[in-house]
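Quick note, in my numbering, the sequence shown goes up one by one and the last residue is 491.
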Amino acid sequence: MYGRLQRRAGYRKVAGVTLTAALGLAAVAACSSSGTPAATSTTAPGSGPVTISIDCAPPPSEPVQSKEWAEDIASFEKQNPNITVHSVDTYPCEPSPATFTAMLDGGTEANVFYTYFGDMAQVLLAGQAADITSYVNTKTVPLWNSIQPSMKVAVTAGTTLYGLPYVDYTQGLVYNRQLFQEAGLNPNDPPTTWAQVESDATAITKLGHGIWGYGDYSAGNNGGWHFSSEIDAEGGAMTNAGGTAATFDSPQGEAVLDALHTLRFTDKAMSPDQGLAWGTLQKQFAAGKLGMYIAAPDDIYGTIIPVDDGNVSVIGMGPLPSTSGTPAGSLSGGDAYMFAKKDTPAQIAAGVKLVNWMYLTIGQGATFNYARTKANGQPVGFPEPEIFVAGTAANTEYQKSLQASATINTSYYSAFLNANETPMGQPVDDQAIYKTLDPVMLAVLTNPNANIPALLASAAANVNTILANSG
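This is the structure in structure tokens:
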């Protein structure tokens with residue numbers, strides 16, 4: 021699988037532009053998306069040749085993924101002899117914030133360019149997004165009606181579609197099955213309530229040897245990022261529907277922070293070393309020193325196993341913890357390809373065809389060619405990407421294909437998969453909000469006398485100022 025997921029709240033961030041602002045620019049962006057009015061054709065390119073560029077090609081430092089990409093481009097060009105594809109090696113897929121901004125300002129992006137869901141506002145404000153609404157339907161993207169609605173919303177402003185989403189994720193509870201067993205817990209029954217998390221984390225911590233039952237973030241914007249997911253699971257929200265006011269100063273917000281404070285100071289099941297940012301919990305987990313923390317599946321196959329040398333056979337995953345034991349939802353995000361305003365109608369149509377072939381067709385391409393992924397020695401079977409709506413024929417086919425080539429014990433992830441958490445997206449001005457909540461998380465995890473209602477009230481006032489200034 022050569023698609024590289026780049027969703028981390030703390031270590032990648034583009035300019036702080038809100039989706040609310042982007043929606044206001046939807047009409048302007050649609051008019052400026054090309055030198056001519058938006059095309060109305062929904063057909064593929066005609067008999068004339070067309071050349072397109074696409075970025076996010078794996079670098080030579082990833083030989084297996086680079087080889088797979090080259091194979092897919094060659095196969096696509098063979099099936100579509102009138103389309104020539106130029107691959108652009110960008111690592112990471114989206115460059116640094118300054119480089120990405122400069123690329124947009126200069127109009128130097130590829131014809132088909134990678135974005136994270138949260139990037140659309142910046143792309144629209146830069147006037148670099150082509151309107152692809154008329155190019156996407158069940159003929160050009162056969163599984164379009166089965167794709168998660170939240171993914172489509174992430175690349176839509178008003179009624180105008182600006183991108184093709186191809187990765188989606190929610191978060192859950194990643195846990196060490198071996199530590200569960202050593203602590204006398206059932207590794208096939210991960211905790212679902214905060215009370216159960218506290219009980220299990222306490223039992224794991226009693227193993228000693230520097231092992232802690234539970235971990236969480238409180239730095240690098242990641243504390244607020246996790247808090248957002250945890251409050252979604254409680255049925256709360258970071259902001260109101262319009263993104264104009266903070267709503268986390270609530271019983272749901274207090275419930276999350278009360279649970280974390282109890283874990284840290286009453287249960288003493290969390291390390292006294294706090295102020296942790298992304299990457300630290302993965303290392304602790306891979307080393308067998310951490311029992312549980314929340315994450316998306318790619319933490320496992322993208323970091324814990326290949327980077328931190330974790331043991332895939334001891335890892336399991338359940339739903340996000342909540343007071344009720346049934347998460348109301350989860351923070352979600354993902355990846356998409358957008359199309360440059362300079363693209364001709366033929367280039368847009370060719371790009372849609374390419375992205376559909378590489379990322380949205382079961383059994384082939386980067387996302388769904390599990391047989392090839394297995395043959396290349398890469399693990400198969402993780403419950404991601406969460407592209408299709410549960411119960412659709414597409415999701416059934418996807419799950420069948422995944423199971424057929426699975427190299428891991430997929431039952432270890434069944435609790436997470438069966439929870440079918442509702443993707444809730446992320447708040448507007450997400451990075452600014454997450455940064456504001458980092459000190460709240462840090463105080464809760466370092467101060468035994470933390471005044472949680474006061475912390476939330478102060479943070480909510482700060483976020484309201486941020487939203488008012490950016491709206």
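Glycine is no exception: its CB is placed at the ideal position from the N, C-alpha and C atoms.
Residue(s) in a DSSP beta bridge with residue i
i: Thr135; result: Ala356
i: Phe408; result: Ile167
i: Val105; result: Ile72
i: Thr259; result: Ala266
i: Leu310; result: Trp232
i: Ala149; result: Ala360
i: Ala77; result: Asp109
Proximal residues to residue i (C-beta, below 6 angstroms), its chain only, five neighbours per side dropped
i: Val217; result: Pro211, Pro341
i: Ala435; result: Pro210, Gly338
i: Val375; result: Leu184, Tyr357
i: Arg284; result: Met290, Leu465
i: Trp164; result: Thr158
i: Asp220; result: Leu205, Pro211
i: Asp363; result: Asn131, Ala150
i: Pro79; result: Asp109, Tyr111
i: Leu437; result: Pro403
i: Asp75; result: Val108, Thr110, Ala130, Phe133, Tyr134
i: Ala90; result: none
Neighbourhood of residue i by C-beta distance below 7 angstroms, restricted to the same chain and skipping five residues each side
i: Gln8; result: Nothing about residue 8 can be reported from this structure: the residues present for the chain run from 21 to 491 only.
i: Gly385; result: Asp92, Trp377, Met378, Tyr379
i: Leu181; result: Ile152, Thr153, Val156, Val175
i: Ala480; result: Ala266, Phe268, Asp269
i: Val282; result: Correcting the residue identity first, residue 282 is Thr in this sequence and not Val. Within the same chain, Thr282 has close Cβ partners Glu218.
i: Asp319; result: Val194, Gln302
i: Asn260; result: Thr267
i: Leu25; result: Below a pLDDT of 50, predicted positions are generally treated as unreliable, and Leu25, at 43, falls in that range; no measurement from the model is reported.
i: Ala146; result: Leu124, Asp125
i: Gly330; result: Phe305, Ala306, Ile324
i: Gly496; result: In the structure displayed, the chain extends from 21 to 491; residue 496 sits before or after that span and is not available.
i: Met444; result: Asp252, Gly349, Ser350, Leu351, Ser352
Whole-angstrom C-beta distance between residue j and residue i, which should lie under 8 angstroms
i: Gly138; j: Gln446; result: 6 angstroms
i: Lys303; j: Asp278; result: 28 angstroms between Cβ atoms; not a contact.
i: Gly311; j: Gly243; result: So it is not a contact: roughly 19 angstroms between Cβ atoms.
i: Asp236; j: His246; result: 6 angstroms
i: Ala424; j: Gly401; result: Contact doesn't hold; Cβ gap of about 10 angstroms is too wide.
i: Tyr433; j: Gly349; result: Contact doesn't hold; Cβ gap of about 19 angstroms is too wide.
i: Ala94; j: Leu144; result: Actually they do not touch by this definition, with Cβ atoms about 34 angstroms apart.
Proximity winner among the options, relative to residue i (alpha-carbon distances)
i: Ser249; options: Ser352, Ala463, Asp328, Phe408; result: Ser352
i: Ser116; options: Lys98, Tyr136, His106; result: Tyr136
i: Val334; options: Ser95, Asp458, Tyr195, Leu437; result: Tyr195
i: Met258; options: Asp450, Asn471, Leu462; result: Asp450
i: Thr179; options: Pro162, Pro317, Val156; result: Val156
i: Gln191; options: Ala306, Thr442, Pro365; result: Thr442
i: Ser478; options: Thr225, Pro468, Asn469, Val460; result: Val460
i: Ala452; options: Gln423, Pro473, Ala488; result: Ala488
i: Lys159; options: Lys373, Tyr313, Asn131, Ala297; result: Lys373
i: Arg197; options: Tyr313, Asp458, Asn438, Thr456; result: Tyr313
i: Gly411; options: Pro162, Val143, Gln168; result: Gln168
i: Gly68; options: Asp355, Ser431, Gln367, Val173; result: Gln367
i: Asp287; options: Ala463, Ser81, Ala315, Trp214; result: Trp214
i: Asp252; options: Pro347, Thr222, Asp293; result: Pro347
i: Val70; options: Ala370, Thr430, Phe200, Thr225; result: Ala370
i: Ile325; options: Ser350, Gly349, Ala77, Gly299; result: Gly299
i: Tyr189; options: Asp458, Pro403, Ile486; result: Pro403
i: Gly295; options: Ala150, Cys76, Ala463, Val108; result: Ala463
i: Thr225; options: Thr364, Lys172, Pro292, Ala316; result: Pro292
i: Ser421; options: Val143, Asn467, Arg392; result: Arg392
i: Asn415; options: Ser166, Ser350, Ala474, Asn467; result: Ser166
i: Ala395; options: Gln85, Tyr111, Thr364; result: Gln85
i: Ala239; options: Asn482, Asn467, Asp458, Ile486; result: Asp458
i: Pro405; options: Lys98, Pro83, Met171, Asn100; result: Met171
i: Asn208; options: Ala297, Asn429, Asn469, Ala118; result: Asn429
i: Lys309; options: Ser107, Leu199, Pro162, Val161; result: Leu199
i: Ile72; options: Phe133, Val173, Asn440, Ile486; result: Phe133
i: Ser344; options: Leu280, Ala315, Ala275, Ala297; result: Ala275
Close Cβ partners of residue i (< 8 angstroms) along its chain, the five nearest in sequence each way excluded
i: Asn484; result: Ala265, Ala266
i: Tyr418; result: Ile382, Phe388, Ile407, Phe408
i: Lys455; result: Asn241, Gly244
Below-9 angstroms beta-carbon distance, residue i vs any chain D residue
i: Lys420; result: Absent here is chain D; the protein component of the structure consists of one chain.
Practice task
Run through the region 170–241 for me and flag every whole alpha helix (DSSP H) of 4 or more residues, listed as ranges in chain order.
Solution key: Entirely contained in the region 170–241, the alpha helix (DSSP H) runs reaching 4 residues are, in chain order, 197–202, 214–225.
Problem - Any beta strand (DSSP E) of 3 or more consecutive residues that is wholly inside the region 312–370 - result: Whole beta strand (DSSP E) segments, 3+ residues: 335–338, 352–359.
Exercise for the section: Can you check the region 430–481 for any alpha helix (DSSP H) of at least 4 residues that lies completely inside it and give the ranges in chain order? Expected result: Segments of the alpha helix (DSSP H) lying fully in the region 430–481: 434–439, 450–466.
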